[in-house]
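For reference, the structure discussed in these notes is given below.
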Amino acid sequence: MGKSTLENEIEKFLYREVRLLDQRRFEEWTNLFSEDGYYWVPTYPNQKDPYKAVSLFFDDKDLMRTRLSRLNHPKIHAQKPPSRTVHIVSNIEIDQNHDTPGEILVHSTLQMMEFRLDKQTIYGGRVQHLLRKKKRTFELAWKRVDLINCDGVFEPLAIPF
0 MGKSTLENEI EKFLYREVRL LDQRRFEEWT NLFSEDGYYW VPTYPNQKDP YKAVSLFFDD
60 KDLMRTRLSR LNHPKIHAQK PPSRTVHIVS NIEIDQNHDT PGEILVHSTL QMMEFRLDKQ
120 TIYGGRVQHL LRKKKRTFEL AWKRVDLINC DGVFEPLAIP F
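Going by numbering that gives the first Met the number 0, 90 is the number at position 91 of the sequence shown; the sequence numbering is gapless.
What follows is the structure in structure tokens.
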């Protein structure tokens, strides 16, 4: 059985999202989020509430803009030289149990390879995107990335997953 038009549209959206990150087009990536959207990377498995524990990232759209505009600033020492990344998205599934009108909950897996200062780091995890249909595309209500090693030790994190 072939993929539906909706599944194809969602795949294209997710592939575009990570391509924007890999190309360091951070402003365009941020613009994929709704005005009330947020990006969350918990610090421990099965974390339920970002307000009750520290997170690796828990950014609303304003904080995303601030954080990501700094990454493109010519004097940012934490990204000299800038990281090069490749994101791989797979196992994309629409959650058939999510039944809020106008919303689509999507599950996927992610692998991100980052190369900087002669060191390659690999991150992997499970991702949830809550999408809202917007004209001919989607907008992100939120994105949650559950890294498989979320409770491990990290070098400073700069590039979103």
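Note that beta-carbon positions come from the ideal geometry of N, C-alpha and C, so glycine has one too.
Asked	Found
Do you know whose CA, among 130, 86, 10 and 78, lies nearest residue 110's CA?	86
Can you tell which of 56, 79 and 11 has the C-alpha that lies nearest to the C-alpha of residue 146?	56
Quick one: what does DSSP say residue 25 is sitting in, helix, strand or coil?	helix
Using the C-alpha atoms, what's the distance from residue 63 back to residue 158?	11 angstroms
To the nearest angstrom, how far is it from the Cα of residue 143 to the Cα of residue 32?	12 angstroms
Looking only at C-alpha atoms, which of 124, 138 and 132 sits nearest to residue 108?	124
How many Å lie between residue 103 and residue 136 at the Cα?	12 angstroms
Run through DSSP, which three-state label would residue 119 get?	strand
Considering only residues of the same chain and omitting the five flanking positions on each side of residue 92, which have a CB-CB separation below 6 angstroms?	106
Out of curiosity, what's the CA-to-CA distance linking residue 17 and residue 88?	8 angstroms
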